[in-house]
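Chemist: Residue numbers (full-length UniProt numbering), protein chains in the order written: chain A, 1 to 444; chain B, 1 to 444; chain C, 1 to 444; chain D, 1 to 444. Note that CB positions come from ideal geometry on N, CA and C, so glycine has one too. Quick one: the structure is below, and I'll ask about it shortly.
Protein chains: 4
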Amino acid sequence: MVPRYSRPRMTAIWSPVNRYRIWFEIEALACEALAERGEIPEEAARTIRQRGDAAMAMFSEADVARIDEIEAETRHDVIAFLTWLAEKIGPDSRFVHLGMTSSDVLDTCLAVQLTQACDVLLEDMDAVLAALRKRAQEHKHTVTIGRSHGIHAEPTSFGLKLAGHYAEFKRNRRRLEAARDEIAVCAISGAVGTYAHIDPEVERYVAEKLGLKPEDVSTQVIPRDRHAAFFCALAVTASAIERLAVEVRHLQRSEVREAEEFFHAGQKGSSAMPHKRNPVLSENLTGLARLIRSYAGPALENVALWHERDISHSSVERNICPDATITLDFALMRLATMIDKLTVYADRMQANVDSLGGVVHSGEVLLALARAGISREDAYRIVQKAAMETWSKLGTGEGRSFRQNLEAAPEVVEKISAEVLDDALDPARHLKAVDDVFARVFTD
Amino acid sequence: MVPRYSRPRMTAIWSPVNRYRIWFEIEALACEALAERGEIPEEAARTIRQRGDAAMAMFSEADVARIDEIEAETRHDVIAFLTWLAEKIGPDSRFVHLGMTSSDVLDTCLAVQLTQACDVLLEDMDAVLAALRKRAQEHKHTVTIGRSHGIHAEPTSFGLKLAGHYAEFKRNRRRLEAARDEIAVCAISGAVGTYAHIDPEVERYVAEKLGLKPEDVSTQVIPRDRHAAFFCALAVTASAIERLAVEVRHLQRSEVREAEEFFHAGQKGSSAMPHKRNPVLSENLTGLARLIRSYAGPALENVALWHERDISHSSVERNICPDATITLDFALMRLATMIDKLTVYADRMQANVDSLGGVVHSGEVLLALARAGISREDAYRIVQKAAMETWSKLGTGEGRSFRQNLEAAPEVVEKISAEVLDDALDPARHLKAVDDVFARVFTD
Amino acid sequence: MVPRYSRPRMTAIWSPVNRYRIWFEIEALACEALAERGEIPEEAARTIRQRGDAAMAMFSEADVARIDEIEAETRHDVIAFLTWLAEKIGPDSRFVHLGMTSSDVLDTCLAVQLTQACDVLLEDMDAVLAALRKRAQEHKHTVTIGRSHGIHAEPTSFGLKLAGHYAEFKRNRRRLEAARDEIAVCAISGAVGTYAHIDPEVERYVAEKLGLKPEDVSTQVIPRDRHAAFFCALAVTASAIERLAVEVRHLQRSEVREAEEFFHAGQKGSSAMPHKRNPVLSENLTGLARLIRSYAGPALENVALWHERDISHSSVERNICPDATITLDFALMRLATMIDKLTVYADRMQANVDSLGGVVHSGEVLLALARAGISREDAYRIVQKAAMETWSKLGTGEGRSFRQNLEAAPEVVEKISAEVLDDALDPARHLKAVDDVFARVFTD
Amino acid sequence: MVPRYSRPRMTAIWSPVNRYRIWFEIEALACEALAERGEIPEEAARTIRQRGDAAMAMFSEADVARIDEIEAETRHDVIAFLTWLAEKIGPDSRFVHLGMTSSDVLDTCLAVQLTQACDVLLEDMDAVLAALRKRAQEHKHTVTIGRSHGIHAEPTSFGLKLAGHYAEFKRNRRRLEAARDEIAVCAISGAVGTYAHIDPEVERYVAEKLGLKPEDVSTQVIPRDRHAAFFCALAVTASAIERLAVEVRHLQRSEVREAEEFFHAGQKGSSAMPHKRNPVLSENLTGLARLIRSYAGPALENVALWHERDISHSSVERNICPDATITLDFALMRLATMIDKLTVYADRMQANVDSLGGVVHSGEVLLALARAGISREDAYRIVQKAAMETWSKLGTGEGRSFRQNLEAAPEVVEKISAEVLDDALDPARHLKAVDDVFARVFTD
């Protein structure tokens with residue numbers, strides 16, 4: 001992932017030092033379990049823990065280099081690490097990794113890293129939810145036009161819009177929690193998952209210490225459907241980011257101007273056009289969403305490994321695990337800030353509601369006519385005609401409002417009173433359910 | 001979806017008649033709710049229900065044609081249906097669809113269809129689980145070679161292999177249940193989700209009758225993150241199908257011959273080569289899995305609709321909703337049958353276990369040497385050497401078994417006894433945990 | 001593909017009768033070639049041709065049913081067809097399919113169908129190009145605002161916008177021609193591509209008669225990289241459709257109103273809101289583009305078939321070949337009509353150009369100041385300030401135009417004359433290169 | 001991209017220093033063109049060139065840091081660079097970037113980088129082609145079994161297999177050349193592509209100097225269909241890599257053992273099982289292919305930018321441009337080496353050909369019977385029966401060879417002579433076309 005779109009907290013999870021620390025932790029815990037079972041000397045387990053802890057505490061770039069050097073010969077990363085560890089621990093190192101296979105370490109480590117990453121993402125999600133809740137409450141009754149097909153439909157409130165996004169992010173938070181459960185599993189089951197050389201008790205011990213569950217049936221690896229489900233949850237979340245980003249981009253369009261991303265002092269929108277203030281954050285988020293979605297593809301292709309495993313998933317995961325979590329972390333926090341600081345122009349929202357001469361109330365007028373006994377077909381024709389007349393002369397200075405056109409229609413005048421028409425054209429109707437909806441969404 | 005890969009039960013869910021029946025049900029239920037609230041005459045609601053039920057009971061191709069004819073003029077499918085319905089119901093039809101918007105009908109209908117589809121898929125899944133469980137129990141102790149990287153690793157049991165697939169399908173069943181929950185929602189909230197012309201009570205009433213939950217915040221539509229999550233669950237399941245299909249394809253390879261798809265009397269494997277019996281079912285499933293996975297992409301792109309909705313998702317869903325559920329239904333049932341009838345050659349499994357002269361026991365010998373005090377590095381070198389010597393002469397008639405090569409190594413003879421070596425080379429070790437694993441997997 | 005998004009001409013290409021006709025043609029041509037080489041009796045080849053032609057000419061649903069019946073037993077589609085054909089031809093049928101394998105027929109047939117489909121698509125493309133060219137010429141000098149980031153940037157011409165789309169579709173036409181070349185290949189090379197039972201001359205003969213090239217190296221099949229490249233070309237074209245559709249959707253937004261899809265008499269935009277006229281065609285095209293793009297995924301996964309072929313690609317292609325070509329055919333023709341009939345509101349375009357008080361000329365003013373010797377940094381600050389002041393008071397009735405704000409800036413007045421300012425604010429500058437660009441784009 | 005899968009030559013193309021050098025080159029060339037046209041002083045253009053060249057020659061991390069610092073304030077990368085450049089050039093810097101927009105620099109630079117990357121990839125491709133050609137020639141007549149569906153079909157030659165992959169990579173080389181043409185374009189056309197502030201001659205000048213073509217119609221950017229087509233070409237190539245990698249993985253399976261990746265001295269296949277030699281390179285390539293394919297998705301989504309551009313493509317491209325080219329470069333070179341050094345076991349290939357008792361000749365026997373006047377149906381039944389009998393007793397020590405079973409069938413003995421049977425069972429038939437095929441593939 002490019003540094004531009006990375007935050008240190010997430011990047012650290014994917015650093016070599018974090019990986020090696022977790023590897024050591026897994027090996028040390030397995031030794032403790034073996035010692036408890038009397039399969040290796042307790043003294044050895046203690047030595048391994050103490051010297052290993054010490055080595056990891058002082059772990060530096062020199063150690064990374066040494067491990068890389070060994071790997072260049074053995075062409076095997078776990079063996080390289082174990083060899084380095086043996087140099088630090090001494091003879092007792094022969095009790096390390098006993099009965100385990102590399103994937104026991106690699107997959108359990110990945111589970112730890114992914115749960116660490118998830119915990120950060122869940123916090124990010126809370127920041128997004130907090131920003132959305134705050135702005136939704138603030139604009140609970142800010143009237144704005146609802147649009148379907150990009151065409152003005154009926155009024156709504158800006159708070160209600162945001163409440164919808166809040167509800168979507170709450171769903172995604174739940175999906176992310178489920179995704180965390182999916183990958184929070186431990187496997188220490190040996191070469192092909194038969195526990196031939198190590199007792200299932202060791203797995204249970206290590207799992208519990210690491211806050212994981214033992215895998216039901218591992219092959220050489222933890223099955224990759226878990227990881228595929230994880231990346232799918234990220235992909236769905238990315239699309240939620242995109243939906244909100246696209247909304248902001250629309251609202252900031254020059255013709256709409258209902259909201260604007262915060263523009264920093266000193267910021268320049270364009271090298272050539274000094275008048276520009278562009279919604280670059282939400283555009284950027286739109287692009288990042290495409291990236292995050294794209295990782296689900298190879299994750300799904302990773303599931304069908306051959307027999308008890310092939311290693312084709314590995315190169316994929318070395319890329320997409322950091323890339324997806326780092327990008328999503330960055331995107332969620334960028335989104336939270338962007339929403340939190342979004343400049344909202346309530347007056348422009350009202351101006352846009354009014355800009356079509358009132359035709360946005362055509363739906364309620366249709367109902368009023370229907371209630372007055374006009375058939376759906378006839379009522380539709382009458383209202384459509386009045387609305388189209390207003391619409392077609394918008395901005396010409398010659399047109400009449402929707403109300404005026406309705407009042408010029410004999411069927412309307414005949415069938416419904418001025419009071420009924422007043423009521424049909426009253427914007428208040430569109431906000432009356434907002435309290436109800438807020439009550440069911442903002443429950444916690 | 002091509003008929004070749006369709007089953008009638010699922011296809012029926014996506015037929016026009018099922019769709020129109022659900023549309024009518026939604027409209028009729030909404031009328032009942034409005035009548036209960038006194039917003040329309042009870043008599044009208046009763047008439048609508050009776051005449052509508054009668055019309056739907058006699059619904060024929062002629063009705064489909066009539067609706068199509070109206071749509072050709074109005075270019076709006078729901079209006080076309082309502083116009084047809086009015087022809088059947090008469091004047092009281094003016095109380096139908098009051099305060100609702102087309103998407104209220106369309107999206108709630110889609111929710112019903114998708115839950116119907118899910119229920120079929122869950123039954124299919126149970127058939128797959130039953131077949132896997134049966135064959136797993138049958139081959140609980142059938143020894144077979146475990147393979148990593150396509151290379152013989154250590155023995156395992158064929159039942160354990162199948163148990164792993166069983167566990168994966170159980171996870172997918174849970175994912176599918178969660179996916180069903182995701183899309184089992186109802187929205188009757190009007191043009192932009194504000195309930196401006198209809199009370200939330202109507203939505204609650206209709207939802208309850210249809211076995212759905214009211215959507216927390218709808219725009220004009222039910223938010224598409226729900227559907228995206230649904231299709232992702234299908235995609236993950238497809239990958240599980242592929243993993244099992246690829247396993248069978250491998251087992252049927254001419255060089256492996258450990259299992260074979262059932263070959264019907266009269267079946268021809270190849271037009272040109274009469275000797276062929278090909279794993280065409282599992283190859284077919286591999287391809288179907290690609291298709292099912294591919295639907296997740298457009299479903300994810302559907303999420304970011306503009307403002308309160310645009311209709312770009314519609315053409316996508318008209319295709320992928322039937323295609324994905326019909327294909328997955330077909331694939332799951334084909335898989336269930338294929339597993340159920342799979343011919344398993346236990347003797348070939350044993351022959352393959354033995355075919356590498358015993359080198360598949362290298363792991364336990366390594367451990368035995370380590371336990372005897374030889375360093376990991378030295379032990380590895382000794383065992384690797386013995387194994388490679390055996391391997392390199394396989395099939396030449398000149399080689400020695402792994403045991404023979406080990407016994408020719410002074411360090412081995414010196415450090416471990418014949419009993420220890422016997423034990424290290426004993427295949428029983430690899431089945432000892434099978435009971436444990438079965439106990440945790442086949443819990444229900 | 002759903003009938004709603006299908007046109008008969010393309011659908012016919014994928015009908016059983018077309019497929020069986022091509023199968024017969026391939027078999028008959030191969031017989032002719034074998035007869036020419038003296039490998040089968042000339043008389044037999046003639047009989048096969050005559051009786052087969054007669055059978056194909058009278059081919060009906062009953063024949064399809066008979067073939068299906070045979071396939072139900074043999075579980076092999078080509079064998080079923082050959083058996084049916086034998087029933088029609090009599091004893092000479094034993095000379096049919098001699099030395100060939102099923103894939104020789106299947107893959108060569110698919111090549112014919114895909115080239116037929118390509119020819120339709122190329123015609124569709126010409127319709128799109130013609131519509132774009134016509135409307136581009138018509139609006140060559142229609143001033144409209146150019147927008148980057150959805151924010152007004154500088155004026156351009158609507159014709160130039162369309163010329164850009166025209167150029168993109170020309171590129172896609174070329175890509176489609178290249179894609180046609182990719183898949184216009186013939187393979188008659190036997191079970192694993194060795195010509196063991198049939199001479200390469202037969203392949204050359206059949207290829208030439210069908211307008212195809214012989215495959216360089218076939219396995220049992222024509223390599224699937226060709227088909228993957230084909231579907232990628234379709235995917236890129238789909239994205240071009242989406243780009244133009246999204247442009248139209250933007251232009252029709254209520255706040256923009258610069259263009260509108262043709263609205264038929266009798267058409268209804270919304271069941272609930274009679275005032276609505278929605279850009280449903282371009283929204284529909286946006287969704288169809290997602291579908292067409294999605295087919296590239298499984299096509300790419302189809303490439304890595306096992307050894308000389310597995311049949312996993314088949315179920316994929318039975319779906320995506322018709323679906324992709326039928327959908328793209330429909331989408332291109334819908335697009336051509338939509339562009340051809342698009343209502344363009346030139347007055348609204350001008351009104352939008354003017355709506356920001358002239359700030360869209362900030363770029364040229366910046367250059368004028370730079371030319372007058374002010375540093376880029378200072379000039380930027382001055383112009384940005386003037387533009388932001390205008391912008392911030394838009395619609396309030398209290399603001400000043402960009403020109404007024406510039407004239408109030410001492411550095412501007414001091415450094416550049418009124419004539420220079422006139423020139424910088426002159427919209428004509430933005431159309432001066434249109435002729436040049438049109439000349440290089442509309443070359444043919 | 002992770003360093004593990006990167007090669008320095010490609011990585012350098014995407015380094016900040018290369019990017020800034022190209023940015024400067026574009027600006028300097030534009031100044032030269034402007035000076036030639038008399039729009040800026042020749043002296044200034046000379047100063048800009050000289051001081052800029054000097055600054056770029058000494059470009060260091062300190063300069064990167066300075067540019068980053070400026071960007072932190074302006075939030076605009078090109079402005080930051082221009083400000084830094086102004087510090088190096090002095091007052092004449094006001095003639096830099098005159099009439100241009102940031103994207104003129106960014107997109108033209110990206111075109112240069114992508115063509116540089118392409119040139120490396122084309123060289124890599126040549127290495128793959130060379131390795132394949134060498135090994136194909138070497139094994140032109142090495143008999144091996146051809147497999148369809150993973151089942152032995154008929155013999156072929158290992159050289160012919162490789163020739164097929166060679167032909168596929170030749171096609172991909174051509175696709176890559178076409179992709180290079182797609183993106184080798186230059187745009188210097190200003191804010192929305194109208195050349196309002198800069199003459200098209202400048203674009204022509206810069207394009208020619210950089211070896212690019214001017215874009216036909218640019219908006220603010222070079223249209224992204226070009227880049228989408230580029231990434232699709234990479235995706236198709238990735239699938240070719242996967243196909244060859246999967247072939248090798250199959251050949252190295254323990255039961256097949258026909259080929260093996262080179263195993264380095266000191267290499268360890270498994271931490272737990274010293275006997276393992278795994279096809280890790282080809283498995284790794286399989287995973288890398290998934291990654292490379294996945295980049296096509298977001299590239300296709302990047303096409304439909306809003307109006308004259310939005311910047312959503314930028315974050316995508318900052319990732320996928322380096323990631324895709326670096327990964328493909330690495331993968332191609334790994335593949336070239338892997339093929340070049342592949343250990344081929346011709347004796348095992350022959351053993352596998354023979355392992356099914358001769359049933360792999362069933363096709364020619366079928367033809368011989370047909371030629372002898374037996375109907376296709378009857379001949380098929382006879383041959384299938386003989387083959388299945390042989391097959392079903394493979395490895396039991398009790399079976400008879402295919403020939404023996406044929407000779408026991410009265411219809412066979414009656415209809416065809418021993419000579420004809422000899423001929424039908426002669427493996428030579430399967431290699432007779434190899435010379436022909438090689439001649440048409442290895443033309444250059």
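Starting from the Cα of C:Tyr195, find the closest Cα among D:Thr443, D:Val437, D:Val441 and give me that residue.
Modeler: D:Val437
Chemist: Would you kindly work out how many angstroms separate the C-alpha atoms of residue 445 of chain D and C:Asp199, rounded to a whole number?
Modeler: Examination of residue 445 of chain D is not possible in this model, given that chain D is present from 1 through 444 alone.
Chemist: Is the distance from the Cβ of A:Ile26 to the Cβ of A:Val105 below 7 Å?
Modeler: In this structure, A:Val105 lies closer than 7 Å to A:Ile26 by Cβ.
Chemist: What does B:Val441 touch in chain E if you count any residue whose Cβ is under 8 Å from its own?
Modeler: Absent from the structure: chain E. Protein chains present are A, B, C and D.
Chemist: Do you know whose CA, among A:Tyr20, A:Ala35, A:Ala72, A:Asp77, lies nearest A:Gly52's CA?
Modeler: A:Tyr20
Chemist: By Cβ distance below 7 Å, which residues in the same chain neighbour C:Ser218 in space, the five residues on each side in sequence not counted?
Modeler: In chain order, Ala187, Ser189, Gly193 place their CB closer than 7 Å to the CB of C:Ser218, counting only its own chain and leaving out the 5 sequence neighbours on each side.
Chemist: Which residues in chain A sit within 8 Å of C:Ala153, going by Cβ to Cβ distance?
Modeler: Ser270, Met273, Lys276
Chemist: Taking C-beta to C-beta, are A:Pro279 and A:Glu261 nearer than 7 Å?
Modeler: yes
Chemist: Please list, in chain order, all residues of the same chain as B:Glu407 whose beta carbon is under 7 Å from its beta carbon, the five residues on each side excluded.
Modeler: Within the same chain, B:Glu407 has close Cβ partners Val413.
Chemist: Quick check on B:His141: buried or exposed, where buried means 16 or more other Cβ atoms within 10 Å of its Cβ?
Modeler: Residue burial annotation: B:His141 is exposed, with fewer than 16 other C-beta atoms found within 10 angstroms of its C-beta.
Chemist: Give the residues from the segment 208-239 of chain D that approach chain C closer than 7 Å (Cβ to any Cβ), ordered along the chain.
Modeler: Asp216, Val217, Thr219, Gln220, Pro223, Asp225, Ala228, Ala229, Cys232, Ala235, Val236, Ser239
Chemist: What does DSSP give as the partner residues of B:His152 in its beta bridges?
Modeler: B:Arg147
Chemist: Rounding to the nearest angstrom, what Cα-Cα distance links B:Glu69 and C:Ala265 in this structure?
Modeler: 15 Å
Chemist: Taking the continuous alpha helix (DSSP H) assigned at A:Met338, which residues delimit it?
Modeler: 312-340 is the span of the alpha helix (DSSP H), which, as asked, contains A:Met338.
Chemist: Measuring straight from C-alpha to C-alpha, what distance separates D:Glu317 and A:Arg4?
Modeler: 13 Å
Chemist: Please list the segments of the alpha helix (DSSP H) lying wholly inside the segment 6-76 of chain B, counting only runs of 4 or more residues, in order along the chain.
Modeler: Listed in chain order, they are 8-13, 16-36, 42-57, 61-74.
Chemist: Could you list which residues in chain D have their beta carbon closer than 8 Å to that of A:Pro41, in chain order?
Modeler: Those do not exist, as A:Pro41 stays about 21 Å from chain D at its closest Cβ, beyond 8 Å.
Chemist: Against A:Ala167, what residues of chain B qualify as contacts under a CB-to-CB distance less than 7 Å, listed in chain order?
Modeler: Here the neighbours are Asp216, Val217.
Chemist: Please classify C:Glu398: does DSSP put it in a helix, a strand, or coil?
Modeler: coil
Chemist: Whole-angstrom Cβ separation of C:Glu242 and C:Leu285, contact assumed at under 8 Å?
Modeler: 7 Å
Chemist: Pull up the DSSP beta-bridge partners for B:Pro214, would you.
Modeler: According to DSSP, B:Pro214 bridges with B:Cys186.
Chemist: Using 10 angstroms around the beta-carbon of C:Pro298, count the other beta-carbons present and answer buried if the total reaches 16, otherwise exposed.
Modeler: buried
Chemist: Please list, in chain order, all residues of the same chain as A:Thr327 whose beta carbon is under 7 Å from its beta carbon, the five residues on each side excluded.
Modeler: Excluding sequence neighbours, A:Thr327 sits near Met1, Tyr5, Leu288, Leu291, Ile292.
Chemist: Whose C-alpha, out of C:Thr108, C:Arg440, C:Gln220, is nearest the C-alpha of C:Gly211?
Modeler: C:Thr108
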